[in-house]
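Enquirer: Below: one structure in C-alpha cells.
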Amino acid sequence: MNINATLIIQIVVFIILWWFTARFVWPPITKALDERSRRISDGLAAADRAKADLAAAELRVQEEIKTARAGAAELRTAAERQAAVLLEQARADASRIVADARKAAEAEAALAAQRVKDQLREEVAQLAVAGATRILRREVDARVHAQLLADLKTELR
C-alpha cells in the first residue's frame, strides 16, 4: 500500500470516528456535564440562600434574646419592687403586732397591779381591824366591822 492511500484511509476512519463520537458519544457526555453543572449551581444557590437565611435567623435570635433579657429585667425589677413592698408591709404589720402586744401587756400589767392594790387594801384593812381589835380587846359587831372595812377601803383609794 501506498502511504497516500493509507493516509487517506486513516483520514476517512478518523472522520467516521469523529462523526460517530460527535453524533452518539459526545451528546450524552455534554448532557451529563451540563446536568452536573446545573446541580452544582443549584446547590451553590441553595447554600447561598441557606447562608442568608441563617444570617437572618441569627438576627432574629439576637432580637429575641434582647427582648427576652429586657423582659426578664422588667420582671426582676417588678419582683424586687413587689418584694420591697411586701417587706415594708411585713415590717409595718410586725410593728403593729408588737405595739398591740405591748398595749395588751401594759393593760394586763395595769390590771394585775390594780388587783394587787385591791388585795393589799383588803389585807391592810383586815390587819388594821385586827390590830384595833387587839388594842381594844373586844369584839366589834359584824355590821360595824363591815362598815369600817368599807370606809377604810374608800379612804385608801
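Numbering of the sequence shown is given in my numbering, commencing with residue 1123 and proceeding in unit increments.
Glycine included, C-beta positions come from ideal geometry on N, C-alpha and C.
Computed from a predicted structure; not experimentally measured.
#1: Can you confirm whether the segment 1226-1245 touches the segment 1209-1218 when touching is taken to mean that 3 or more C-beta pairs between the two stretches lie within less than 8 Å?
#2: Do Leu1274 and Ala1254 have their beta-carbon atoms positioned less than 7 Å apart in this structure?
#3: Just checking my contact of Val1251 with Leu1271 at CB under 8 Å: how many whole Å lie between their CB atoms?
#4: Which runs of the beta strand (DSSP E), 3 residues or longer, sit entirely within the segment 1226-1273?
#5: For Asn1126, does the three-state DSSP call read helix, strand or coil?
#6: Rounded to whole angstroms, what is the Cα-Cα separation between Glu1180 and Ala1174?
Expert: From the atom records:
#1: no
#2: no
#3: 7 Å
#4: none
#5: helix
#6: 10 Å
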